[in-house]
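Asks:
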Amino acid sequence: MIMRPGQQLLLPANPLFIWSSLLVAMVIGMLPFGRVAWMPDLLALVLVFWSVHQPLRVGIGAAFLFGIAMDVHQASLLGQHALAYTTLSFFAITIHRRLLWFTVPSQAVQVLPLFAAAHAIELAIRMVAGGVWPGPSVLLAPVIESLLWPLVSVILLAPQRRAPDPDENRPL
Amino acid sequence: MPLGTLDRTPPPFFKQGPSALSKLMVCSALALFLMVADTRFGITQPLRAGVATVLYPVQWLVLRPVLALREAGNYFESLRSAQLQEAAAREKLARQSLRANQVEQLSQENERLRKLLELRERITTPAQAAEVLYDAADPYTRKVVIDKGLAHGIEEGSPVIDESGVLGQVTRAHPLISEVTLITDRDQAIPVMNTRTGARSVAFGDPAGGQSGALELRFMAGNADVHEGDLLTTSGVDGIYPAGLPVARVDQVERRADAGFARIHCVPQAQVDGARYVMVIKPVAGQLPPRPADLAPTPAKGGRK
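Chains A and B supply the protein sequences, listed in that same order.
Per the numbering used here, residue 3 is the first one in the first sequence, and the count goes up by one each step.
Per the numbering used here, residue 9 is the first one in the second sequence, and the count goes up by one each step.
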């Protein structure tokens with residue numbers, strides 16, 4: 003396995019943790035904050051994260067199913083989030099070998115176009131289907147999502163960064 | 009090195025399943041099909057209802073802290089504001105008591121006069137109270153979700169009112185919750201009558217107008233008799249909304265020399281962005297007399313179903 007110099011060898015990811023993190027992201031996305039166009043889509047962020055880090059476990063099918071769930075919850079067009087998340091997951095899997103060679107801040111810059119594309123897809127679909135223009139603040143959503151990338155990287159990789167042989171000095 | 013430090017199963021070399029591109033194409037095609045089925049054919053309701061029912065426990069869990077915060081906010085509301093609200097409510101009650109006391113007598117009188125004139129009796133509409141759970145997060149429409157559904161007898165197309173006017177219409181009824189499209193949504197139209205002149209027209213939603221959306225009276229002639237401050241109520245000709253419910257008040261009338269139509273902006277009477285308790289009324293269509301057989305069928309007019 004070829005690794006970036008100085009990169010830490012990670013523990014294997016726990017599938018239970020992966021799926022529960024996706025569920026938690028979905029639940030946070032379901033919190034009723036009202037109709038805010040710039041609200042970052044945490045579920046999309048976590049989906050891209052796991053598609054990049056664990057493409058064998060989380061892929062396009064899971065993204066599609068989570069998208070359907072979000073569509074029903076938000077009472078939006080059925081398939082709108084599904085298409086956006088599917089595209090996100092596909093591009094995340096496409097770039098996953100390259101992306102992990104960069105530092106986390108540069109990764110955040112490189113995933114920005116992905117999120118922008120996902121939001122552009124949703125916007126285009128809804129404009130074609132006769133929706134209301136949600137205002138220019140919709141442009142902020144992908145920027146906020148990519149700004150959250152370092153934070154999500156730290157949180158979601160924390161269980162894999164634990165010591166492989168815990169003792170009383172390193173309990174975790 | 010202890011066991012379990014590295015992934016014990018090496019990544020498969022040959023058996024990788026379908027490629028990402030083929031999965032993308034299948035899923036995108038499925039999503040596109042769902043979108044077309046949703047907008048054009050309207051056959052996705054069972055799927056939506058199923059997913060909504062599966063999601064209901066999650067939503068219930070998510071809403072607990074939010075509802076608790078609301079309750080806490082009510083609890084710590086100051087005595088002063090509670091007293092002010094009570095005074096306002098008493099004043100409103102006193103203003104309405106005269107009319108309320110006359111209603112019994114007037115309705116009896118109305119009934120007798122209608123019998124004299126051999127008119128049909130006025131329609132009474134059964135109603136059901138519901139609570140608004142949350143604003144749908146979709147920024148492209150104006151919808152709220154209420155806590156009653158098919159299991160509680162809610163029908164699609166039912167009008168929804170709050171204490172001051174028409175709020176919207178149930179556009180999707182799931183087993184346990186329903187989606188209500190607000191009257192300020194762009195696709196929502198409601199037949200109204202100007203109470204001052206008796207002129208009937210149709211008000212369309214205008215989500216960009218005002219702070220929380222507004223309504224617009226379209227296709228009114230440039231010299232139409234509409235003034236600022238006119239109250240618009242439901243006209244009752246559509247077979248959905250009962251007649252006489254307040255809808256909006258005319259806010260601004262723009263008459264331009266170059267256009268044949270006047271631009272008329274109205275402010276909704278219901279609290280479209282802050283309603284908490286609402287009433288869901290059964291559509292009156294089921295109680296209307298059947299259409300005479302010799303008339304040619306005309307396309308149904310009025311609110312979206």
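A virtual CB, placed ideally from N, CA and C, is assigned to each residue, including glycine.
When the cut-off is 9 Å and only beta carbons count, does ARG150 of chain B lie next to chain A?
Replies: It does: the Cβ of ARG150 of chain B has a partner Cβ on chain A nearer than 9 Å.
Asks: Spell out whether any CB of chain A is found under 9 Å from the CB atom of VAL286 of chain B.
Replies: No, its Cβ sits nowhere closer than 9 Å to a Cβ of chain A.
Asks: Against ARG88 of chain B, what residues of chain A qualify as contacts under a CB-to-CB distance less than 8 Å, listed in chain order?
Replies: Those within 8 Å of ARG88 of chain B in chain A number zero; the least Cβ separation is about 28 Å.
Asks: Taking the CB atoms as reference points, tell me whether GLN136 of chain B and ILE169 of chain B lie closer together than 9 Å.
Replies: Result no, Cβ atoms of GLN136 of chain B and ILE169 of chain B do not sit closer than 9 Å.
Asks: Should VAL113 of chain A be flagged as near chain B, meaning a C-beta pair shorter than 9 Å?
Replies: No, its Cβ sits nowhere closer than 9 Å to a Cβ of chain B.
Asks: Does the beta carbon of LEU158 of chain B sit closer than 9 Å to a beta carbon anywhere in chain A?
Replies: Chain A, which has no Cβ nearer than 9 Å to the Cβ of LEU158 of chain B, makes this no.
Asks: Can you round the beta-carbon distance between GLN162 of chain A and LEU13 of chain A to whole angstroms, since I take them to be within the 8 Å contact cut?
Replies: About 5 Å; that satisfies the 8 Å criterion.
Asks: Kindly list, in the order they appear in chain A, the residues whose Cβ is closer than 7 Å to that of ARG56 of chain B.
Replies: Those within 7 Å of ARG56 of chain B in chain A are VAL74 and LEU80.
Asks: Skipping 5 residues on each side, what residues in its chain have a beta carbon closer than 8 Å to that of ASP73 of chain A?
Replies: So the qualifying residues of the chain are LEU79, LEU80, GLY81, GLN82, HIS83 and ALA84.
Asks: Is the CB-CB distance between VAL200 of chain B and VAL188 of chain B below 9 Å?
Replies: For VAL200 of chain B and VAL188 of chain B, no; Cβs fall outside 9 Å.
Asks: Could you work out which residues of chain B lie near ALA64 of chain A, taking near to mean beta carbons separated by less than 9 Å?
Replies: Going along chain B, no residue has its Cβ under 9 Å from ALA64 of chain A, so there is no contact; the nearest lies around 10 Å.
Asks: Which residues of the segment 74-100 of chain B have a Cβ closer than 9 Å to any Cβ of chain A? Give them in chain order.
Replies: Of all residues in the segment 74-100 of chain B, VAL74 have a Cβ within less than 9 Å of some Cβ in chain A.
Asks: Using DSSP with H/G/I as helix, E/B as strand and the rest coil, what is GLN136 of chain B?
Replies: Note: GLN136 of chain B maps to strand in three-state DSSP.
Asks: Could you tell me which chain A residues have their CB closer than 8 Å to the CB of ALA102 of chain B, listed as they occur along the chain?
Replies: By Cβ distance, chain A contributes nothing, its closest Cβ being about 35 Å from ALA102 of chain B, past 8 Å.
Asks: Is there a Cβ of chain A sitting closer than 9 Å to that of PHE41 of chain B, yes or no?
Replies: With 9 Å as the cut-off, PHE41 of chain B counts as an interface residue toward chain A.
Asks: Name the residues in the segment 132-143 of chain B whose C-beta lies less than 9 Å from a C-beta of chain A; which are they?
Replies: Listed in sequence order: LEU141, TYR142 and ASP143.
Asks: What does the alpha-carbon distance come out to for the pair GLY268 of chain B and ASN231 of chain B?
Replies: About 9 Å.
Asks: Could you give the distance in angstroms between the alpha-carbon of LEU47 of chain A and the alpha-carbon of PRO276 of chain B?
Replies: Rounded to the nearest angstrom, the two C-alpha atoms are 38 Å apart.
Asks: In chain A, what lies closer than 8 Å to PRO215 of chain B by C-beta?
Replies: Neighbours of PRO215 of chain B on chain A, chain order: VAL134.
Asks: Pull up the distance between the alpha-carbon of THR241 of chain B and that of LEU49 of chain A, whole angstroms please.
Replies: Distance between the alpha carbons of THR241 of chain B and LEU49 of chain A: 48 Å.
Asks: In the structure shown, what three-state DSSP assignment does TYR142 of chain B receive?
Replies: Here TYR142 of chain B sits in strand by DSSP.
Asks: In chain A, what lies closer than 7 Å to LYS23 of chain B by C-beta?
Replies: Ordered by position in chain A, no residue passes the 7 Å Cβ test against LYS23 of chain B, which lies about 11 Å from the chain.
Asks: So PRO42 of chain A contacts chain B; which residues on that side make the cut at Cβ distance below 7 Å?
Replies: Within 7 Å Cβ-Cβ: nothing; PRO42 of chain A doesn't reach chain B, min ~12 Å.
Asks: Tell me the DSSP secondary structure of LEU67 of chain A in three-state form.
Replies: DSSP places LEU67 of chain A in helix when its eight states are reduced to three.
Asks: Specify the secondary structure class of ASN118 of chain B as computed by DSSP and reduced to three states.
Replies: ASN118 of chain B falls in the helix class under three-state DSSP.
Asks: Put ILE51 of chain B into one of helix, strand or coil per three-state DSSP.
Replies: It is coil, neither helix nor strand.
Asks: Per the contact definition of three or more C-beta pairs closer than 8 Å, is the segment 92-100 of chain A in contact with the segment 59-67 of chain B?
Replies: With the cut-off at 8 Å, the segment 59-67 of chain B and the segment 92-100 of chain A do not touch.
Asks: Cβ of PRO250 of chain B within 9 Å of Cβ of GLY165 of chain B?
Replies: Cβ atoms of PRO250 of chain B and GLY165 of chain B: not closer than 9 Å.
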